[in-house]
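For reference, the structure discussed in these notes is given below.
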Amino acid sequence: MAEVVFVDSKAAAGTLAAASIRALITQKPDAVLGLATGSTPLSVYAALAASLAENPMDVSRVRGFALDEYVGLPADHPESYRSVITRDAVVPIGLTPENIQVPNGDLATIETAGVDYEAAIRAAGGIDVQILGIGRTGHVGFNEPGSSFASITRIKTLAEKTRVDNARFFASPDDVPIHCMTQGLGTILRARHLILLAFGEEKADAIAAAVEGPITSSKPGSVIQLHPHVTVIVDEAAASRLENLAYYKYAWANKHAWQGI
Ligand code: PGA
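Quick note, the sequence shown lines up with residues 124 to 384 if you use the working numbering.
Structure (structure tokens):
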């Protein structure tokens, strides 16, 4: 079962996830982080940056792999995920830019980009902790409904709903690329720990489907039920359609501190 943890603010979610990442880096100075973009993980990156500012530690050897990238946007476009991950995570946390890889959305090399990315993740020894958000379509990464649970990094077509959701970052909704490169659900399953965060009522259905719904590729977030170590961090609104809410709270309240998340 995924562990479900309730928080009363995004900041509290960030603090919890950042403490876990910090503990990982303490044990493994060249830890491999799976980095998500979007609004959801911002509190995690901000909390980790704040923790490092207050109590410095060497993160220069930490490595990172982004979850996804738009196809056809130049890497230096301000909304490419290469730019976003640099701005939101690499710079504030103080990671070494050369240690951070992002799927290559360049059309010239698109046919081999997925396999190359998988090889790079394998060469790094796999991802230790994967930070995840979830879309209103239920996607994790950009694995839209119907994505195979065995899928690897590859090109995908974004759902119209996802393009609408992401239009806020672009001058016009038509500017949102139609295609992306995304780690597959199979790639995500191979990460050693998944931390899925969600805030707000608009994520409640996707969270209920991911945590308690049937395991089905129609609800890609339900892939987390196949993973042995998942932490779902949610606020009350995102948790509002979970049936076993009382049990998750009881389990969290009675968890031994040594277990961490
Ligand atoms: P958001 O996106 O964090 O901006 O809500 C999540 C997602 O689409 O996976």
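Quick reminder that beta carbons are idealized off the backbone N, C-alpha and C, glycines included.
Check, Outcome
"Closer than 6 angstroms by C-beta to residue 314: which residues in its own chain qualify, once you throw out the five before and the five after it? Chain order, please.", "157, 250, 253"
"List in chain order: all unbroken alpha helix (DSSP H) runs of 4+ residues lying wholly within the region 276 to 359.", "283 to 289, 308 to 313, 327 to 335"
"Would you call the CB atoms of residue 148 and residue 180 closer than 8 angstroms?", "yes"
"Taking 5 angstroms as the limit, tell me which residues put their C-beta closer than that to any heavy atom of the ligand PGA, in chain order.", "161, 162, 163, 256, 258"
"Across which residues does DSSP place residue 68 in a beta bridge pair?", "Any answer about residue 68 is impossible in this case: the structure gives the chain only from 124 up to 384."
"At what residues does the beta strand (DSSP E) containing residue 157 begin and finish?", "155 to 158"
"What number of angstroms, rounded off, separates the C-alpha of residue 238 from the C-alpha of residue 359?", "39 angstroms"
"Would you mind reading off the limits of the alpha helix (DSSP H) that contains residue 185?", "Note, residue 185: premise wrong, no alpha helix (DSSP H); not H, not E."
"Could you tell me which uninterrupted beta strand (DSSP E) segments, each at least 3 residues in length, are contained entirely in the region 201 to 278, listed from first to last along the chain?", "252 to 255"
"In three-state DSSP terms, what is residue 366?", "coil"
"Can you tell me the Cα-Cα spacing of residue 470 and residue 234, whole angstroms?", "With the chain covering 124 to 384 only, the question about residue 470 has no answer from this structure."
"CB-CB under 6 angstroms to residue 322, same chain, minus the five flanking residues each way: which ones, in chain order?", "133, 358, 361"
"Under 8 angstroms: do the region 375 to 383 and the region 289 to 306 share three or more Cβ pairs, one atom per stretch?", "no"
"Only counting the same chain, and skipping five residues up and downstream in sequence, which positions put a Cβ closer than 8 angstroms to that of residue 211?", "160, 164, 165, 168"
"Can you tell me the Cβ-Cβ gap for residue 366 and residue 335, rounded? I've got them flagged as a contact below 8 angstroms.", "6 angstroms"
"Would you call residue 370 buried or exposed, if buried means 16 or more other Cβ atoms sit within 10 Å of its Cβ?", "exposed"
"Straight-line CA distance for residue 151 to residue 330?", "31 angstroms"
"Between which two residues does the alpha helix (DSSP H) carrying residue 396 extend?", "No statement about residue 396 is possible, as the shown extent of the chain runs from 124 to 384 and does not include it."
"For residue 130, list the residues DSSP reports as bridge partners.", "Answer by DSSP bridge pairing: none, since residue 130 is not bridged."
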